[in-house]
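J.: Here you go, one structure.
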Amino acid sequence: MKYIVARIRPRHVHLGYDEQGELRTKKFEPREFVEKVIKIDRILSFTEDHIFIACPHETVQVWDYEGDLSQFKEQLRAENLLIE
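By the numbering used here, the letter at position 5 of the sequence shown is numbered 5, and the numbering carries on one by one without gaps.
The following block contains the structure:
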């Protein structure tokens, strides 16, 4: 298994869709960044300031992270996990 380290804080979780097809989301209260070791297989995508993580019960958590996208790309390159 492969892992990546990041300083993150949760932003919100996507809980699925309601009967009208609207996305159901729960927002988290702002908090401090914490260091987290993340299993690569759980990462759905990175943006310039968010990580999208697959979670149990078909939910997706969105986390803010410290740093920038280039730092994640470097970590992934170092492990031959990034195809450009």
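Every residue gets a Cβ at the ideal spot worked out from N, C-alpha and C, and that includes glycine.
For clarity, every value in this text was computed on a predicted model and none was experimentally measured.
(1) Between which two residues does the beta strand (DSSP E) carrying residue 35 extend?
(2) Cα-Cα, which of 15, 27, 61 and 38 is closest to residue 6?
(3) Could you give the first and the last residue of the continuous beta strand (DSSP E) run that contains residue 24?
(4) Rounded to the nearest angstrom, what separates residue 29 and residue 77 at their Cα positions?
(5) According to DSSP, which residues form a beta bridge with residue 67?
T.: Looking at the atomic coordinates:
(1) Taken as a continuous stretch (DSSP letters only), the beta strand (DSSP E) holding residue 35 covers 34-39.
(2) Nearest C-alpha to residue 6: 38.
(3) 23-27 is the span of the beta strand (DSSP E), which, as asked, contains residue 24.
(4) When rounded, the separation of the alpha-carbon atoms in residue 29 and residue 77 is 33 Å.
(5) Looking at the DSSP output, residue 67 bridges to nothing.
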